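Take a look at the structure set out below.
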Amino acid sequence: MTALNTGDISFLVICTLLVFLMTPGLALFYGGMVRKRNVLSIMMQSYAAMGVVTVIWVLFGYSLAFGPDHGHIIGGLDWIGLRGVGLSPNPDYAPTIPHLLFFLFQLMFAIITPAVISGATAERLRFTAFLLFIILWSTFVYIPLAHWVWGVGGWMRNLGVLDFAGGTVVEVASGVSGLVAAFVVGKRLKVGYEWNIPHHMPNVLFGGGLLWFGWFGFNSGGAMGANGVAVLALATTQIAGATGMIGWALVEWLHRRQITVFGAVSGIISALVAITPAAGYVSTVSALLIGFIAGGVCYLAVSILKAKLGYDDALDVFGIHGIGGTWGTIATGIFADLSLNPQGKNGWINGGGFEPVLIQLLAVLATYIFAGMMTFLILKGIALITPLRASDDEQVNGLDLTQHREKAYPDFELSENVYI
1 MTALNTGDIS FLVICTLLVF LMTPGLALFY GGMVRKRNVL SIMMQSYAAM
51 GVVTVIWVLF GYSLAFGPDH GHIIGGLDWI GLRGVGLSPN PDYAPTIPHL
101 LFFLFQLMFA IITPAVISGA TAERLRFTAF LLFIILWSTF VYIPLAHWVW
151 GVGGWMRNLG VLDFAGGTVV EVASGVSGLV AAFVVGKRLK VGYEWNIPHH
201 MPNVLFGGGL LWFGWFGFNS GGAMGANGVA VLALATTQIA GATGMIGWAL
251 VEWLHRRQIT VFGAVSGIIS ALVAITPAAG YVSTVSALLI GFIAGGVCYL
301 AVSILKAKLG YDDALDVFGI HGIGGTWGTI ATGIFADLSL NPQGKNGWIN
351 GGGFEPVLIQ LLAVLATYIF AGMMTFLILK GIALITPLRA SDDEQVNGLD
401 LTQHREKAYP DFELSENVYI
């Protein structure tokens with residue numbers, strides 16, 4: 001028999017609210033990074049995800065992701081419309097909290113993932129196309145991946161993939177999908193001589209701070225209770241974020257002889273992405289290394305790889321979430337320590353051999369292929385219904401006006417066609 005635990009319930013309620021806060025934080029983060037004429041449009045895409053994904057998750061999404069397994073690929077429709085998802089616990093997922101609370105916690109992950117992808121196509125993806133993308137991507141990419149990795153019976157879970165809080169499901173999937181979307185939608189229109197990003201660094205910093213704050217719930221909540229593993233995840237999250245900032249700054253200094261504010265916050269986010277799959281499985285010393293390496297590697301992806309491949313990932317979704325998530329997922333197989341979490345395993349450096357690394361690599365590869373192919377097909381399908389890309393005139397005038405008939409800064413009538 002299972003029994004509700006008030007301490008665990010309180011802890012997961014707080015974690016759920018923290019993860020919810022991450023999506024408005026992401027909206028601020030992205031809003032500060034774009035040009036003034038596109039602030040509302042990119043922020044609205046995050047808020048749209050909050051509304052649309054919630055409805056999907058209630059109607060069928062949660063049931064397909066976590067419901068009774070079918071062929072190790074997808075859940076069933078037993079819990080459609082949240083039928084049977086009530087105040088009693090589900091021992092398969094969280095035996096000491098209400099099943100409904102577990103649903104809410106997982107909902108917040110489902111919301112923020114497509115919102116992250118929006119950064120790749122910022123300043124040129126039409127709002128109607130983005131709404132269709134949220135619906136289709138959540139249904140045909142996120143839901144199956146969530147079942148594979150976290151659902152009882154999912155093939156990656158059965159294989160022994162370690163993903164504490166979403167390295168594959170959230171980070172790699174959003175990063176790869178963002179890269180594909182950037183290629184399919186195409187580059188932004190360049191208008192005269194203009195600085196692309198960011199237009200408002202205080203919002204970038206504040207949004208980044210909210211993301212770091214929310215990430216404590218994002219990772220610690222994966223313990224599904226107020227216990228030692230949750231404390232471990234809390235500590236590794238803080239430590240990785242700090243060393244990620246240092247790692248990015250160091251490589252930026254060596255490469256450009258400068259340390260930027262934008263780079264510092266980007267390094268923090270890169271490391272938080274990387275520690276996500278490992279947070280409840282690795283030691284605090286391992287978190288130091290994972291975060292530090294993530295900061296440096298993601299800097300190289302953003303500043304060098306992006307230029308060489310020539311894609312316009314406007315807000316560096318792939319360079320930070322894709323690359324950071326890839327490194328973090330592989331690093332989990334390297335640094336995992338069974339003595340810290342009995343639900344994990346020993347990684348390579350702790351005597352587990354190279355098999356855990358190979359399993360993590362397989363998870364990354366499968367996510368790249370599945371998310372990449374499905375995103376390509378989804379966008380091509382949407383393009384048959386409605387244009388993906390805003391017209392040149394719409395991009396010149398800004399998506400705030402052309403998509404929403406509003407302006408973020410109506411009191412400032414500066415030159416709209418060149419510098420903002």
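Residue numbers for the sequence shown follow UniProt numbering, beginning at 1 and rising by one. Each residue gets a CB set at the ideal place from its N, CA and C atoms; glycine is no exception. Predicted model, so just to flag it, every value in this text is computed and none were measured.
Counting only runs of 4+ residues, the alpha helix (DSSP H) found wholly inside the segment 188–275 occupies 201–220, 228–256, 261–275, in chain order. Put simply, the backbone Cα of L234 is about 11 Å away from that of C15.
In the structure shown, R124 adopts coil according to DSSP, grouped into three states. Out of G86, G71, Y62, the CA that lies nearest to the CA of L77 is found in Y62. Shown here, R35 sits in coil according to DSSP, grouped into three states, outside any helix or strand. With a cut-off of 8 Å on Cβ pairs, the segment 275–290 is in contact with the segment 331–342, counting three or more such pairs.
With contact defined as three or more Cβ pairs closer than 8 Å, the segment 170–188 and the segment 295–304 are not in contact. Only buried fits H200, as 16 or more other CB atoms lie within 10 angstroms of its CB.
Rounded to whole angstroms, the Cβ separation of S391 and F335 is 49 Å, and the two are not in contact under 8 Å.
Between S138 and S46, the gap from beta carbon to beta carbon reaches 8 Å or more. Between the alpha carbons of Y311 and T121 lies a distance of about 11 Å. Residue state for I323 is assigned as helix, using DSSP reduced to three classes. With respect to the C-alpha of T375, the residue from G175, D8, V58 having the closest C-alpha is G175.
L64 is positioned such that its CB atom lies no closer than 8 Å to that of V85. L250 and I73 have their alpha carbons spaced roughly 43 Å apart. About 7 Å separates the Cβ atoms of T332 and G167, confirming a contact at the 8 Å cut-off.
Less than 8 Å divides the Cβ of W248 from the Cβ of A264. The residue from R257, W253, I293 with its alpha-carbon nearest to that of G241 is I293.
DSSP places T402 in the uninterrupted alpha helix (DSSP H) bounded by 399–404. Setting aside the 5 residues that flank it on each side, N5 is surrounded in the same chain by T96, each with a C-beta closer than 6 Å to its C-beta; the list follows chain order. In this structure G225 is in contact with D8, their Cβ atoms being roughly 4 Å apart against a cut-off of 8 Å. Judged by beta-carbon spacing, G81 lies beyond the 8 Å limit of L104, meaning their Cβ atoms are not closer than that value. Secondary structure of R157 (DSSP, three-state): helix. Around the CB of G31, 16 or more other CB atoms lie within 10 Å, so the residue is classed as buried. With three or more CB-CB distances shorter than 8 Å, the segment 142–158 counts as touching the segment 362–369.
Of the other Cβ atoms in all chains shown, 16 or more fall within 10 Å of the Cβ of S220; this residue is therefore buried.
Here V261 is not near L315, since their CB atoms are 8 Å or more apart.
In terms of Cβ geometry, G207 and L26 form a close pair [threshold 8 Å]. Taking C-beta atoms as the reference points, I239 and G291 count as a pair closer than 8 Å.
Beta-bridge partners assigned by DSSP to A94: N90.
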